[in-house]
Amino acid sequence: MSQLVYLVPLFPLIGFLINGIGWRRIPKSLGGVIGSLAVLASFCVSLGIFFEVKDPSFHGPVIVQLFEFIHSGKLFIPFSFQVDSLSSLFLLIITGVGFLIHVYSTAYMHDDEGMVKYFSFLNLFVFSMLLLVLGGNYLVMFIGWEGVGLCSYLLIGFWFKNRDYTNAAKKAFIMNRIGDLGFLVGMLLILFNYGTLSYQDFFGKLQGAQPAGISSDTYNWIAICLFIGATGKSAQIPLYTWLPDAMAGPTPVSALIHAATMVTAGIYMIARSHVLYTLAPMTLHIVAIVGLATALFAATIAIRQYDIKKVLAYSTVSQLGFMFLALGVGAYTTAVFHVMTHAFFKALLFLGSGSVIHAMGGEQDIRKMGGLGKKLRTTQITFLIGCLAISGIPGFSGFFSKDEILAAAYAHDPVLYYLAAAAAMMTAFYMFRLYFLTFTGGFRGTEDQAHHLHESPAAMTIPLIILAILSIIGGYVGLPAVISEHHALGSFLSSSVTNISEHHLEAGTEWMLMGVSVTLSVLMIAVAYSVNKKPNFTPSTGLAKILENKWYVDELYDAVFVRPIQNFSAFMERFAERKGIDGIVNGVGKSVRWGSDRIRLLQTGQVGFYIFVMVLGMITLFALGFFWVKL
Amino acid sequence: MKAIIATTILGIIMMFAGIMAKEKKPLTTLATILLVILLGVNIWDLTNTSSLAPESLFNNMLRIDRYALWFNTLMTGCTLLYVLLVGREIQKVGEHVAEYFALIFFILCGVYLLSCYNNLLILFIGIEIMSIPQYILAGSDKRNLKSSEASLKYFLMGAFTTGILLMGITLLYGATGSFNIVSFSFLQSDHLNTLALAGILFIMMAFSFKVSAAPMHMWTPDVYDGSPTAFTAYMATIVKAAAFFAFLRLFQVSFGSLSSHWTFVLAIITAATLLVGNLTAVFQQSVKRMLAYSSIAQAGFMLFAILAVNAVAWQGIIIYAVAYSIATIGIFTVLMKLKDYTYDGFNGLAKKEPLLAFVSTIFLFSLAGIPLTAGFMAKYYVLQALIQQGSLLWLVIFGLLMASISVYYYFRVIIAMYFKQGAAELNSPVSGTDKFMLVFTCFLVILLGIFPQLLLGNI
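These protein sequence lines map, in sequence, to chains A and B. Under our numbering, the first residue of the first sequence carries the number 6, and numbering increases by one thereafter. Under our numbering, the first residue of the second sequence carries the number 9, and numbering increases by one thereafter.
Have a look at this one:
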């Protein structure tokens, strides 16, 4: 089965081509069916691969080389796929959650003119994402990496007639490109120092004897460059600002790309490169700090947001921060575990918010919602499950993965634990603030909206229900050590990812940690309930206002980077370009014409003159020739 | 060997056919058939000669190797293509169509001699056999004053050059006591005597004239412009390619070991040729005259192969010869269909005759050296040859700069065809055969641009 791995990205590619070429002619419903079936087909193949990899008889990664991609001199980069437990798990998440979101989209986008185009983009995204996780070397990963960036751009700006949306798309693309530069430099460093980009060769060389002239600095430089790439794609400080703006895209896109899959590419990449990162403890330290800072920082912003999707966006940034924290303390499988559970519950929450927005006729401001639970029963219940899961309430998936992260952080350094617990506490608060403001209390919207409220169609609610179930049971693949010796996901991943072993926590400590974080979360839910029972939306002041304005980071970036660059660019345009380059270019043209006009006159048409020139030329050349020999 | 005899006989047959034929059209058909036969004979020659042992003939006067035979075959093929494309225009030039074709066969005889000469006397005879028919063809439009003027100018200056060539041969004979070109390679490079060096330089000047390199290029624009366009197309392509092949043969086989003595002079000639050809082409108003200057400019690039003195140079000259010949014959064919030879005459051609405009664009792309056309590969090979030679990188850079200037005047035609308003007027309607042949030529240009090895496969 794993030899057929190329089928997995092939189906979405075909779907993309069909829908992309025929998007003007294919009827909307058919476009949706094609798009969804393509992903379903990949999901089926992925399942087959997953079970093959899960089988104990499966040994080591399988490399499937499709063709020689670059072969130049000593450089040889094949276009190859690598099937192992890490990539097969990601395959399942991408195609599984991806399929549900495709189905959801068929209903959500039904009234949109460009629905077929939308599905072609969505398929292209799935294709690129699959390339990213399947690639057997960094270059194939990079192709996917850029591909998902492009699709993200296309889908954020899907409603391109709105200038704000296209600006958001541009912002996402540019921020990502800044990160991509880091990735690219990292790749070139690997190529320069090790002469290969293939994971197996590279990691083999890392683990083997250290080549001459490569110090541990090199490890750190490569690791940091790759991490810069990850901060762009996975929205970490300082490159996170694009993600909240990316909510301009259709909500299923936010669920698929900006919550469940694409933004976790950075985590995948670091987990994939864990051999390198384990050798670069300094970089891991940076990863942990950046992750923790992002988790805290984004959580504070989420507390004071009023746009339902913005809250979820900041929550995503914050959760990604948790994952990087896990990576930073060397608990790679834990990070992947959280990627998985987060994919379930965050996709659920986004799709739930989409259902709400759908019912509200496009309204996203939670100040104008309230009491929606009465009309949108399914959405409410599934959303509640999502909130419980993300808040880490025992029994729900988020509890298991988050608890594992917290425990790993404590084992590494208790300070990390305290700060992470604070971030987790805020998570519970802002998620339930969102829940209470949206689904409970009285309705605060207009008469028309109240009239229009309705539960979404089955194509939307069924994915919600499935995701809700997954959000509950998804965590049981990774039970805490104190409950069960057997960590199903951990042992599955162990064939491809090795954690940095920390000393084990004692059972008592672990119970205590769990108890503390759960108590804090429950407490925060209660606080959220009491604060938002009678909501009042007076203009905020002081710290609240700063939070509402996202710590003014956008303004800061604008003043520090964007404006100066724009001014510099305007300056270059006005002087260097207009005066300098244009002057040179036009000058060359003019001088050629001038020269041509002069030389032309030599052609007098008189044979005598021609022969004179010939003789003169010959004499000169003879003189030169003999002079040259004498030299 | 067989081809040399065959072309002479076929030329004579052609002459006699002129006496018998009442109409012009059968003559063109006959010429085409005879050329196919000649091509067959060439291929026969090629298959009969082993690549290992070159054949020496006539007391070592001729030395036939695979390079020579392959080059002959290609040039015969190009001539066939030329007759197929331009045949009808040749009929229009004058009354004596059979003679024109016969002269082309004789020119081919000169080409064959030049590709395999092993003796300076054969070189001299070959050049004369190739040149004298050209003097006649240049003046074949007898009632046209410009044609006669071109013929006379060409003849006068050609005669002058013949003197220079003979002078060179004589000096070399004086220095070495031999006409055999292989024996010159024993010349000592450390103390080369003045007599021999002067001989080499004289021969270089004579060749420069034949390939229209500066400062011996002055005849080119006048002759090419004045001659009937159908014959300009032949003079500018196959004849020139043959002169280059002979040039390369002598300077690589005989004087290759002495290259340090003449490289500098030839480099100056090359640079001057590139400069004059490209710069002057910029200001021309007539496309025909522009193509004459462009042929000077292209000669500058072919000189790279001679400067390089290495194995790639042989490949370069063959690819360049074919690529340049095909594209030039193609663009001349289109030119002949037009009433007005100026740039303005091309205005709006794309609307009126989209196919004509399209194929011209491909031919011009090839001449300018745009990738995916044969011209790109040709430039690539000669530049590579010169880069491998190593000591003339400044000339490579200069050549590239000049190539970028050439884009200006080639693309002016494309701009006129596609972006300018106007009603380009045609001389004669474009027949289906013409279209087919033009598309075929265009296909060749692109094919050779992708698989240039096709031109080298047989050596």
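Glycine included, C-beta positions come from ideal geometry on N, C-alpha and C. Owing to the predicted nature of the structure, the values given are computational and were not obtained by experimental measurement.
* Along the stretch 286 to 301 of chain B, what residues have a CB closer than 7 Å to any CB found in chain A? -> Within the stretch 286 to 301 of chain B, the residues whose Cβ lies closer than 7 Å to any Cβ of chain A are, in chain order, 287, 288, 290 and 291.
* Asked: If we ignore side chains and look at the alpha-carbon of each, how far apart do residue 463(A) and residue 473(A) end up?
  -> Numbered from 1 along the first sequence, position 458 holds the residue referred to as residue 463(A). Numbered from 1 along the first sequence, position 468 holds the residue referred to as residue 473(A). Computed Cα separation, rounded: 15 Å.
* Asked: In chain order, what residues of the same chain lie with their CB nearer than 6 Å to the CB of residue 280(B), ignoring the 5 residues before and after it?
  -> For this step, residue 280(B) is matched to residue 272 along the second sequence. If we look at residue 280(B) and ignore the five residues flanking it on each side, its Cβ neighbours are 222.
* Closest residue to residue 439(A) among 258(A), 319(A) and 471(A) (Cα-Cα distance) -> The count along the first sequence starts at 1 and reaches residue 439(A) at position 434. Answer by Cα proximity: 319(A).
* Excluding five sequence neighbours on each side, which residues of the same chain lie with their C-beta closer than 7 Å to the C-beta of residue 90(A)? -> One-based indexing of the first sequence puts residue 90(A) at position 85. Closer than 7 Å at the Cβ level, and outside the excluded window around residue 90(A), lie 58, 497, 498, 500 and 501.
* To do: Evaluate residue 7(B) with the Cβ neighbour count: other Cβ atoms within 10 Å of its Cβ, from every protein chain shown; 16 or more gives buried, anything less gives exposed.
  => Nothing can be reported for residue 7(B): it is not among the residues displayed for chain B, which extend from 9 to 467.
* Please confirm if the stretch 150 to 158 of chain B is in contact with the stretch 79 to 91 of chain B, defined as three or more CB-CB distances below 8 Å between the two stretches. => no
* To do: For residue 397(B), count neighbouring Cβ atoms within 10 angstroms of its own Cβ and tell me buried if that reaches 16, exposed if not.
  => Along the second sequence, read from residue 1 onward, the residue named residue 397(B) stands at position 389. So residue 397(B) ends up on the buried side.
* **Contact set for residue 208(A): own chain, Cβ-Cβ below 6 Å, skip 5 residues either direction** => The residue labelled residue 208(A) in the question sits at position 203 within the first sequence. Cβ neighbours of residue 208(A) beyond the five flanking positions: 280.
* **Pick from 16(A), 404(A), 489(A) and 184(A) that is closest to residue 347(A), judged by C-alpha positions** => For this step, residue 347(A) is matched to residue 342 along the first sequence. Ranking the options by Cα distance to residue 347(A), first place goes to 404(A).
* **Residues of its chain near residue 203(B), where Cβ-Cβ distance is below 6 Å and the 5 sequence neighbours each way are ignored** => Sequence index remark: in the second sequence, residue 203(B) carries index 195 (1-based). These residues qualify, in order along the chain: 179, 182 and 183.
* Kindly list, in the order they appear in chain A, the residues whose Cβ is closer than 9 Å to that of residue 165(B). => Position 157 of the second sequence, counted from the first residue, corresponds to residue 165(B). Scanning chain A for C-beta atoms nearer than 9 Å to the C-beta of residue 165(B) yields 612, 615, 616 and 619, reported in chain order.
* To do: Specify the secondary structure class of residue 461(A) as computed by DSSP and reduced to three states.
  => For the purposes of this step, residue 461(A) is taken as residue 456 along the first sequence, with counting starting at 1. Residue state, collapsed to three classes: coil.
* So which residues of chain B does residue 604(A) contact, with C-beta pairs closer than 9 Å? -> As a first step, residue 604(A) must be located in the first sequence, where it is residue number 599. Chain B residues near residue 604(A): 283, 284, 287, 288 and 291.
* Answer yes or no: does any C-beta atom of chain A fall closer than 9 Å to that of residue 326(B)? => Within the second sequence, residue 326(B) is the residue found at index 318, counting from 1. No, residue 326(B) lies away from the interface with chain A (no Cβ there is under 9 Å from its Cβ).
* Could one say the Cβ of residue 597(A) lies closer than 9 Å to chain B's Cβ atoms, at least one of them? -> Numbered from 1 along the first sequence, position 592 holds the residue referred to as residue 597(A). Yes, residue 597(A) lies at the interface with chain B (some Cβ there is under 9 Å from its Cβ).
* Separation of residue 95(A) from residue 179(A), as counted between CA atoms -> Here residue 179(A) is taken as the residue at index 174 of the first sequence, counted from 1. Here residue 95(A) is taken as the residue at index 90 of the first sequence, counted from 1. The alpha-carbon atoms of residue 179(A) and residue 95(A) are separated by roughly 26 Å.
* Tell me, to the nearest whole angstrom, how far the beta carbon of residue 35(B) is from that of residue 48(B); I am working on the premise that it is less than 8 Å. => Counted from its first residue, the second sequence places residue 35(B) at position 27. Counted from its first residue, the second sequence places residue 48(B) at position 40. About 20 Å; that fails the 8 Å criterion.
* Asked: residue 470(B) by DSSP, collapsed to three states: which one?
  -> Since the first and last residues shown for chain B are 9 and 467, residue 470(B) lies out of range.
* To do: Look at residue 350(A) and residue 479(A) and say whether their C-beta atoms are less than 9 Å apart.
  => Position 345 of the first sequence holds residue 350(A). Position 474 of the first sequence holds residue 479(A). The answer is yes: Cβ separation under 9 Å.
* Curious, which full-length alpha helix (DSSP H) runs of at least 4 residues does the stretch 162 to 244 of chain A contain? -> The DSSP assignment places complete alpha helix (DSSP H) segments of no fewer than 4 residues inside the stretch 162 to 244 of chain A at 168 to 199, 204 to 212 and 221 to 238, in order along the chain.
* Asked: Counting contacts by CB-CB distance shorter than 9 Å, is residue 168(B) in contact with chain A?
  -> In the second sequence, residue 168(B) corresponds to position 160, counting from 1. Chain A contact via Cβ: present.
* Thinking residue 468(A) and residue 105(A) are a contact (beta carbons under 8 Å), I'd like their distance in whole angstroms, please. => For this step, residue 468(A) is matched to residue 463 along the first sequence. For this step, residue 105(A) is matched to residue 100 along the first sequence. The Cβ separation is near 4 Å, so the contact holds.
* Check: residue 386(A) C-beta below 8 Å from any heavy atom of the ligand HEM -> The ligand HEM is not among the ligands present in this structure, which contains no ligands whatsoever.
* Asked: For residue 31(A), does the three-state DSSP call read helix, strand or coil?
  -> As a first step, residue 31(A) is located in the first sequence; it is residue number 26 there, counting from the start. Residue state for residue 31(A) is assigned as coil, using DSSP reduced to three classes.
* Asked: Do residue 11(B) and residue 56(B) have their CB atoms nearer than 9 Å?
  -> Here residue 11(B) refers to the residue found at position 3 when the second sequence is read from its first residue. Here residue 56(B) refers to the residue found at position 48 when the second sequence is read from its first residue. Cβ distance not < 9 Å, so residue 11(B) and residue 56(B) don't count as in contact.
* residue 201(A): which of 613(A), 612(A) and 77(A) sits nearest, CA to CA? -> As a first step, residue 201(A) must be located in the first sequence, where it is residue number 196. Nearest in C-alpha terms to residue 201(A), of all of 613(A), 612(A) and 77(A), is 77(A).
* Three-way DSSP call (helix, strand, coil) for residue 350(B) in this model -> Indexing the second sequence from 1 puts residue 350(B) at position 342. Three-state result, residue 350(B): strand.
* Taking Cβ positions only, does residue 178(B) come closer than 9 Å to chain A? -> To locate residue 178(B), count along the second sequence from 1; it is residue 170. No, no contact with chain A.
* **Given residue 407(B) as reference, the closest of 170(B), 161(B), 229(B) and 388(B) once Cα atoms are compared** => For the purposes of this step, residue 407(B) is taken as residue 399 along the second sequence, with counting starting at 1. Among 170(B), 161(B), 229(B) and 388(B), the Cα nearest to that of residue 407(B) belongs to 388(B).
* Asked: With 16 other CB atoms within 10 Å as the buried threshold, where does residue 181(A) fall?
  -> Stepping through the first sequence from its first residue, residue 181(A) is reached at position 176. So residue 181(A) counts as buried.
* Can you say whether residue 675(A) is buried or exposed, counting buried as having 16 or more other CB atoms within 10 angstroms of its CB? => Shown here, chain A extends from 6 to 636; a query on residue 675(A) therefore has no answer.
* Measure the alpha-carbon distance for residue 338(B) versus residue 366(B) and round it to whole angstroms. => As a first step, residue 338(B) is located in the second sequence; it is residue number 330 there, counting from the start. As a first step, residue 366(B) is located in the second sequence; it is residue number 358 there, counting from the start. Put simply, the backbone Cα of residue 338(B) is about 12 Å away from that of residue 366(B).
* Pull up the DSSP beta-bridge partners for residue 71(B), would you. => Mapped onto the second sequence, residue 71(B) falls at position 63. Answer is 64(B), bridged to residue 71(B).
* **Cβ-based neighbour list, residue 69(B), same chain, cut-off 8 Å, excluding 5 preceding and 5 following** => Working through the second sequence from its first residue, we reach residue 69(B) at position 61. 125, 126, 127, 129 and 130, listed in sequence order.
* **Among 336(A), 220(A), 395(A) and 458(A), the one whose alpha carbon lies nearest that of residue 417(A)** => Position 412 of the first sequence, counted from the first residue, corresponds to residue 417(A). With distances taken between Cα atoms, residue 417(A) lies closest to 336(A).
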